[in-house]
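Trainee:
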Amino acid sequence: MRPRRTLPCAAPALACAAVLAIAAAAGAPAGAAPARRAAAPAAPRTGLESLERQVKEFTLPNGLKFIVVERRQSPVFSFSTVVNAGSADEQVGTTGIAHMMEHMAFKGTSIVGTHDHAAERPLLEAEERAYEALLAERRKGARADTAALRRLEAAFAAAQEAARAKVVSNGFTAVLEQNGATGLNAFTADDITAYYYSLPSNRLELWALMEGGRMQAPVFREFYKERDVVIEERRMRYESSPLGRLFWEFITTAFVAHPYGFGGIGYPSDLRTFSRSEGEAFYRRNYVAKNMAVAVVGDVALDDVKRVAEIYWSGLSDAPAPPPVDTVEPEQKAERRILLEDAAQSYIMIGWRAPAATDPTYPAFEAAASLLAGGDFARLHKTLVKEKKLCTQIQMGVGFPGEKYPNLLVLFAVPAAGQDPLAVEAEIHAAMDEVMNDRPFTAEELEGYKVRVRSQKIAQVEQNSGLALALAQTQMIRGDWREFFRDAERVQALRVDDVMAALRGAVHKSKRTVAMIVPPKTADAAEGGR
């Protein structure tokens with residue numbers, strides 16, 4: 281699962297898992313197969329240069345692009361459908377609705393997931409009318425009629441129950457699992473929503489029927505039941521977790537205008553009020569052929585993929601892709617700080633401004649993050665974890681919370697037991713100042729980074745599923761799947777001066793956002809008492 285760049289392995293195991301889950305903003309949808317399924321067999325090790333020559337593509341008349349890599353080593357194929365729409369494409373009032381599309385995608389179509397769709401359709405319409413009537417009364421606030429509310433709530437509950445009687449629970453998932461699907465899952469990120477799994481190669485047409493069907497004609501059944509699931513998910517990940525609360529405060533403080541500040545999972549009031557009709561409107565706007573890419577990798581033939589694509593995917597809307605987000609985050613001119621008082625494990629998050637992935641300097645930011653805190657070899661890890669023992673973990677990354685638009689270079693640190701988090705923060709800044717002013721990165725360090733990146737890239741594409749996701753995601757975020765291979769070349773062309781220039785241009789006190797979990801007495805001292 282790669283919702284965003286893998287940045288935040290935080291504290292001990294609990295914190296690490298928590299931040300990764302929070303950053304994902306969405307987990308496996310209800311009704312989906314467990315995420316940790318057996319992966320598709322790995323393909324033989326292949327050089328990136330020869331691999332690029334194996335990639336084929338075609339585009340349907342409606343504008344949907346398919347990317348195909350034939351690998352005949354084992355009788356299985358993997359795919360990824362990537363939609364160029366995530367939480368950054370939401371509007372105030374319906375935040376969190378992109379994530380709902382992921383949940384709805386596992387509810388099926390008019391032929392999968394229902395006992396009788398002809399009978400189900402009017403029941404779903406009645407459910408929506410009941411909800412709209414209830415919402416209208418709730419919006420009266422203090423003027424709402426209590427008796428009317430009880431009556432409308434009962435009517436809505438009855439309408440839901442009537443519609444639910446026509447549902448075949450987990451019907452979509454069951455059909456695929458019965459035919460050998462593995463790794464059945466999806467994720468919603470700020471930039472994209474992705475759907476993926478693997479199947480035996482003799483199930484290519486079934487895949488096209490199922491996947492094409494749910495992308496072009498989904499039925500949003502059990503919408504409000506799933507909305508309640510998301511509300512509970514938000515409560516557990518953000519409201520009941522100190523680390524979740526810190527993440528929410530950090531991201532909503534770092535972005536004051538751009539929708540990256542929506543936080544991914546949505547505002548509680550929006551989650552409680554948006555409707556299925558609004559979800560369907562989001563789908564119609566964003567789930568169009570020109571706003572999607574499908575990558576198929578494994579034991580398939582290009583001509584066969586074309587044939588089934590034309591049969592089962594041509595009905596996808598040929599409407600224009602929605603425009604990108606126009607809102608530009610204003611220049612940050614002063615440090616922003618959040619101190620969350622809690623007796624939980626202390627934690628530090630620091631973010632500085634970074635460019636979009638399409639910016640020529642982006643690879644330099646990636647290199648800087650890795651050389652500073654990308655592992656045991658990295659500068660901050662050596663200084664703060666190994667030598668001074670001020671932190672138990674420290675990591676950095678760029679592309680947070682997305683990479684399609686200007687984003688953050690972020691640092692995550694876990695102070696060691698007994699360490700004052702404010703003092704640890706000061707040591708972090710001092711260590712970074714030393715790199716920028718006194719001990720810049722060396723050519724040897726950068727060369728080691730280049731070797732690691734190339735190795736990681738090759739490992740990623742060895743798995744059919746990893747390559748399919750990488751190609752489709754790059755097509756959507758960068759506009760051309762070939763940029764996946766150009767990135768590797770850009771890394772190899774980096775110079776130490778490039779990396780230092782990126783770091784020195786970004787790391788300034790006035791351009792940073794700092795968020796910390798601190799013991800109450802530490803917060804009092806930092807504020808000079810109450």
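Going by the working numbering, the first residue of the sequence shown is number 281, and it counts up by one from there. Every residue, glycine too, gets a C-beta built ideally from N, C-alpha and C. Given the structure is predicted, the values throughout are model-derived calculations rather than measurements.
1) Starting from Y642, trace the alpha helix (DSSP H) both ways and give me its first and last residue.
2) Could you give the distance in angstroms between the alpha-carbon of Y592 and the alpha-carbon of F765?
3) Can at least three beta-carbon pairs, one atom from the region 642-656 and one from the region 722-729, be found at a separation below 8 Å?
4) Quick check: the region 367-381 against the region 389-407, are there 3 or more CB pairs under 8 Å?
5) So for A601, helix, strand or coil by DSSP?
6) Give me whichever residues DSSP pairs with T638 in a beta bridge.
7) Put P800 into one of helix, strand or coil per three-state DSSP.
8) Would you mind sorting T722 into buried or exposed? The rule is 16 or more other CB atoms within 10 Å of its CB.
9) Does the region 521-528 come close enough to the region 352-361 that 3 or more CB-CB pairs lie under 8 Å?
10) Curious, which full-length alpha helix (DSSP H) runs of at least 4 residues does the region 501-570 contain?
11) Have a look at K801 and E417 and give me their C-alpha separation to the nearest angstrom.
12) Is the beta carbon of L596 closer than 7 Å to that of N342?
13) Helix or strand or just coil, what does DSSP make of I618?
14) Only counting the same chain, and skipping five residues up and downstream in sequence, which positions put a Cβ closer than 6 Å to that of G256?
15) Does DSSP put Q789 in a helix, in a strand, or in coil?
16) Using only CA atoms, which one of G698, E590, T339, H538 lies nearest to V798?
17) By the 10 Å Cβ neighbour count, where 16 or more other Cβ atoms means buried, how is E441 classified, buried or exposed?
18) In three-state DSSP terms, what is S358?
19) Can you tell which of D713, P602, A768, K505 has its C-alpha closest to the C-alpha of A786?
20) Could you check the C-alpha separation between V447 and H383 for me, to the nearest Å?
21) Verify whether the separation of the beta carbon atoms of S478 and G492 is less than 7 Å.
22) The alpha helix (DSSP H) that contains T453, what's its start and end?
23) Can you check whether the CB of S555 is closer than 7 Å to the CB of L340?
24) By DSSP, does A824 sit in helix, in strand, or in coil?
25) With 16 as the cutoff for other CB atoms within 10 Å, does D579 come out buried or exposed?
26) Where A768 and K737 are concerned, what is the direct C-alpha to C-alpha distance, given to the nearest angstrom?
27) Check whether the Cβ atoms of T389 and V499 sit closer than 7 Å, and answer yes or no.
28) Within the same chain, show all residues whose beta-carbon is closer than 8 Å to that of L664, passing over the 5 residues directly before and after it, in chain order.
29) Take R569 as the anchor and find which of F346, V455, E683 has the nearest alpha-carbon.
30) Using DSSP's beta-bridge definition, name the partner residues of M676.
31) Considering only their Cβ atoms, is the gap separating T793 from T533 smaller than 7 Å?
32) What are the residues that DSSP puts in a beta bridge with V576?
33) Quick check on E337: does DSSP put it in helix, strand or coil?
34) Tell me, which residues are paired with I738 by DSSP?
35) Taking DSSP's pairing of strands, which residues face L479 in a bridge?
36) Taking E529 as the reference, give the member of D369, L432, W761, I630 with the closest Cα.
Mentor: Taking the structure as given:
1) 642-653
2) 30 Å
3) yes
4) no
5) coil
6) None, per the DSSP bridge assignment.
7) helix
8) exposed
9) no
10) 503-514, 522-534, 548-553, 556-566
11) 46 Å
12) yes
13) strand
14) For residue 256 there is no data in the structure shown, the boundaries of the chain being 281 and 810.
15) Note that residue 789 corresponds to Lys in the displayed sequence, not to Gln. Three-state result, K789: helix.
16) G698
17) exposed
18) strand
19) D713
20) 15 Å
21) no
22) 451-458
23) no
24) The requested residue 824 is not part of the displayed model; the chain covers only 281 to 810.
25) buried
26) 8 Å
27) yes
28) L670, C671, I674, A693, V704, E707, I708, A711
29) For clarity, residue 569 is Ala in the given sequence; the question names Arg instead. Of the listed residues, the one whose Cα sits closest to A569 is F346.
30) L691
31) yes
32) V348, F359
33) strand
34) Looking at the DSSP assignment, I738 forms no beta bridge with any residue, so it has no partner.
35) F357
36) I630
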